[in-house]
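Accompanying notes for the structure given below.
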Amino acid sequence: MTQQGRALALKGWYGIILPALSCPINILAHKQEGALNGSDQQPASDGELVRLTLGGNKRAYEALVRRYQKLVYNVVYQLCQKHEMAADLTQETFLRAYRALSSFDQSAKLKPWLLRIATNLSLNALRDNREHLSLEFMLEEHPDCEPSSSSNVEQEVELKLSQKMLMEALVKLPLRHRTAFLLRYQHDLSYAEIAYTLKETESSIKALLFRVRETLRKNLLRELAQEYSSDKAQDNN
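The numbering of the sequence shown is the numbering used here, which starts it at 14 and goes up by one.
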């Protein structure tokens, strides 16, 4: 991917995905029609946009891309941790979704359907490339994981240390466990949506996340105990 293409990917997917759909880039500068925005300035529903897209309105699919591009990119990027790889996988997600839209059950929710495509692509790519999530990635690339500014420096440091320990425990999880955890607690998906995304039953996802929470709890307690022992030993010296 060229430097210009990567810049477009990081700022928005219009310059990548929309040309692939034979949709003019400068369409974004135009005023949206009422059919895309809905009446009374209310956004059109996913179902309305899907129906318009299937009817040949590529501007409707542009609206869907804009609506979900950030979510899809974030999910993919948290798994693959590389901008270029995330750009390619996000582009492929929307292209595959566009081609398969006629098979989408319009009575279902679009978000988990898109994330199912994105997650499957990401997991397959990670298995093929033997990629692993790094602690440095999670700490440095996610400013939203950092605590807000606080006048209490001591509390802020303690919070950062707690987050660091959580991330250290999280990166040790199996890929599928980590994916379920991120979908639930980073992106606020329901158990049913995660089950659909990962092709599991809802009960199995609940059991999986229970095991993940227990694993993280035990690992964090062990880390805390080790830190306490280390601090106590230093105090005695």
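For each residue, glycine too, the CB sits at the ideal point set by N, CA and C.
- For E206, the uninterrupted alpha helix (DSSP H) segment begins and ends at Y204 to L211.
- Judged by DSSP in its simplified three-state form, L186 adopts coil rather than helix or strand.
- With a contact defined as Cβ atoms closer than 8 Å, P125 and Y209 qualify at about 5 Å.
- Just so you know, the alpha carbons of K95 and S135 end up roughly 11 Å apart.
- CA-to-CA, the gap between L84 and R109 works out to about 16 Å.
- The beta-carbon separation of I218 and L229, rounded to 16 Å, does not stay under the 8 Å limit for a contact.
- If you look at A121, you'll find it isn't in any alpha helix (DSSP H); DSSP assigns it neither H nor E.
- The beta carbon of L139 sits closer than 7 Å to those of L92, C93 and L188, all from its chain and outside the five residues before and after it, given in chain order.
- When rounded, the separation of the alpha-carbon atoms in M98 and L233 is 31 Å.
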